[in-house]
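K.L.:
Numbering (the UniProt record's numbering), first residue to last: 1 to 273.
Quick one: structure below, then a few questions.
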């Protein structure tokens, strides 16, 4: 069999299709960053008018940008198929049937989206919050409709499907509490120790990260070898750990300066007679 190929027409058609694809790619690369900037700018204006927190603004911005990217990719695929003159309607119908068939096995995905939707609407989590959720604890980096990203303090980034988030402990709503327990020897005068600690607290109260206190609560417990005292303070969110470290340092220095004994294990050697 002889096939007469019009190479001129084929080359011309290939060049036309290549040019359209190139133009589509250029438009995609131009429109994508512009859309992101518009979303970010719009969210900045909304956040200012509605007095949204920085975390809430980041949460909504990231979500809108993700939805925008999905829509943009979908339009890109549709236009790409149009360049090759591939009818869209049959593909959509087929995709609907296939989607229905696999939908029974994708219940987890649906659960992720539904759970993520309610987490978002109920404002349980925002970006930059310190939370315990899905068996992980750390700082929220992104909240999506399918997964939530939490970075642990060792640097690990955890991707948690939203369906596994059964309950959320948000440690950053309102002021946080810095709590320091330490022990002194039973022989020490508690009133004198309290005065020394109160002076430390007064000096620490000038720290702008502390919203209230610090205050010496008093004796927390009577242990086998020490009297445990407690100091607490209210701090800005995510600042409680740094304040606790600074309090421990200053308390230790103040106790040393005033010759107040901090119990520690002693070893006594008894010579054999």
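Just so you know, even glycine gets a beta-carbon here, dropped at the ideal spot from N, CA and C.
Please read these numbers as outputs of a predicted model, since none were measured by experiment.
May I have the straight-line CA-CA distance separating residue 49 from residue 39, to the nearest angstrom?
P.N.:
15 Å
K.L.:
Our contact map puts residue 200 next to residue 250 with C-beta atoms below 8 Å; I'd like the distance itself, whole angstroms only.
P.N.:
So it is a contact: roughly 5 Å between Cβ atoms.
K.L.:
Is there contact between the stretch 174–192 and the stretch 156–166, where contact requires at least three CB pairs shorter than 8 Å?
P.N.:
no
K.L.:
Rounding to the nearest angstrom, what Cα-Cα distance links residue 264 and residue 232 in this structure?
P.N.:
23 Å
K.L.:
Restricting to Cα atoms, I'd like to know which of 237, 235, 230 is closest to residue 248.
P.N.:
Put simply, of 237, 235, 230 the residue whose alpha carbon is nearest the alpha carbon of residue 248 is 230.
K.L.:
Buried or exposed: which applies to residue 186, given that a residue is buried once 16 or more other Cβ atoms fall within 10 Å of its Cβ?
P.N.:
Burial call: exposed.
K.L.:
Going by beta-carbon coordinates alone, are residue 163 and residue 215 separated by less than 9 Å?
P.N.:
Result no, Cβ atoms of residue 163 and residue 215 do not sit closer than 9 Å.
K.L.:
Can you check the stretch 174–199 for any beta strand (DSSP E) of at least 3 residues that lies completely inside it and give the ranges in chain order?
P.N.:
176–184
K.L.:
Using the rule of at least 16 other Cβ atoms within 10 Å of the residue's Cβ for burial, across every protein chain shown, is residue 144 buried or exposed?
P.N.:
buried
K.L.:
On a CA-only basis, which of 60, 193, 153 is nearest residue 127? Give me that one, please.
P.N.:
Taking only the C-alpha atoms, the option nearest residue 127 is 60.
K.L.:
Label residue 129 either buried or exposed according to how many other C-beta atoms from any shown protein chain fall within 10 Å of its C-beta, with 16 as the threshold for buried.
P.N.:
buried
K.L.:
Would you check if the distance between the CB atom of residue 124 and the CB atom of residue 170 is smaller than 9 Å?
P.N.:
It is a contact, given that the beta carbons lie within the stated cut-off.
K.L.:
Can you give me the start and stop residues for the beta strand (DSSP E) that residue 215 sits inside?
P.N.:
Counting along the chain, the beta strand (DSSP E) containing residue 215 begins and ends at 210–222.
K.L.:
Going by CA-CA distance only, name the one from 219, 80, 86, 198 that's closest to residue 184.
P.N.:
The option with the nearest alpha carbon to residue 184 is 219.
K.L.:
Alpha carbon to alpha carbon, how far is residue 243 from residue 54?
P.N.:
Going from the Cα of residue 243 to the Cα of residue 54 covers about 23 Å.
K.L.:
Considering only C-alpha positions, which residue in the set 136, 166, 148 is nearest to residue 154?
P.N.:
136
K.L.:
Verify whether the separation of the beta carbon atoms of residue 191 and residue 228 is less than 9 Å.
P.N.:
no
K.L.:
Would DSSP call residue 130 helix, strand or coil?
P.N.:
Note: residue 130 maps to strand in three-state DSSP.
K.L.:
With H, G and I counted as helix, E and B as strand and the rest as coil, what does DSSP make of residue 54?
P.N.:
In the structure shown, the three-state DSSP call for residue 54 is helix.
K.L.:
With 16 as the cutoff for other CB atoms within 10 Å, does residue 104 come out buried or exposed?
P.N.:
Note that residue 104 has pLDDT 48, beneath the 50 cutoff, so the model's placement of it is unreliable and the number below is only indicative. Classification of residue 104: exposed, given that the 10 Å Cβ count is below 16.
K.L.:
Verify whether the separation of the beta carbon atoms of residue 204 and residue 236 is less than 9 Å.
P.N.:
no
K.L.:
Roughly how many whole angstroms lie between the Cα atoms of residue 80 and residue 41?
P.N.:
30 Å
K.L.:
Per DSSP, which residues does residue 227 bridge with? Please list them.
P.N.:
184, 222
K.L.:
Anyone know if the C-beta pair for residue 119 and residue 168 falls short of 9 Å?
P.N.:
yes
K.L.:
Please name the residue or residues paired with residue 151 in a DSSP beta bridge.
P.N.:
139, 157
K.L.:
Give a single yes or no on whether residue 188 has its beta carbon closer than 8 Å to a heavy atom of the ligand MN.
P.N.:
Inclusion of the ligand MN in the displayed structure is not the case, the ligand content being empty and no account of it being possible.
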